[in-house]
Each structure stands twice: as structure tokens, then as C-alpha cells.
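Read in order, the letters of the sequence shown correspond to residues 525 to 621 in our numbering.
The next block holds one structure in the form of C-alpha cells; read it before the comments.
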Amino acid sequence: SGGLLGYAQFPGGNPSTDGVVNGIGTMAPNAGNPPYNLGRTATHEIGHWLNLRHIWGDNTGCTNTNLISDFVTDTPPSTSSNFGCPTGGVKRCSANP
């Protein structure tokens, strides 16, 4: 896609901008570009709206080893995002394989 698929405001922001925005073509299989047209953008952005961060804590390079910067202590630190169905395992930090 190469463009913005959607965005959400984290809790505690300005009430006039509270909510989730999804790009055109991200909600219906017959309207949009695969694989971004299956509604998963909405799931992702609603997670942010509910105060969930990315599993790598919006950092790269395992800088979140002591204080997990996704703010969820049971999520193992990851180096970056995962796409599709990883065949060699997910991208974990070496301290947490």
C-alpha cells in the first residue's frame, strides 16, 4: 500500500479527536488492496485506542529489555514487527528467544 492505513488516539487525549480512523479500502475484501483490505487495520488501530502499543514498544533493536516499553509485562521483547505467518519464529530479542 505504501500509504497511511489508519490511526487512533491513545487514551487521555483531546476528547474532540478521540477515536479511530481507517483508510478507504481497509474494511472490505472487494474494496481495497490486499492484504490490507480485510479489516485488520481496524483491529490494529482499536488496540491503540485501547492503549495497547506495538509489541516492540515502538523501538527497534531490543532497547526495551528491562522496562518493556510496550507496557505489557507478559509480552516478550521483540526486535520489530512480524508480518504474515513467520516460518522461522517471531523476531525476538536475543535475551528473550
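We put the beta carbon where it would ideally sit given N, CA and C, even for glycine.
Per-residue DSSP class, three states only, for residue i
i    : result
H602 : Per the sequence shown, residue 602 should be read as Ser rather than His. Of the three classes helix, strand and coil, the one that applies to S602 here is strand, per DSSP.
R616 : strand
Contact check, residue i vs residue j, beta carbons under 9 Å
i    : j    : result
V544 : I579 : no
G547 : L528 : yes
M551 : A566 : yes
G530 : H568 : yes
P600 : R577 : no
Backbone CA spacing between residue i and residue j [nearest angstrom]
i    : j    : result
F595 : L574 : 13 Å
R564 : H572 : 13 Å
Start-to-end residues for the beta strand (DSSP E) that takes in residue i
i    : result
G530 : G530 to A532
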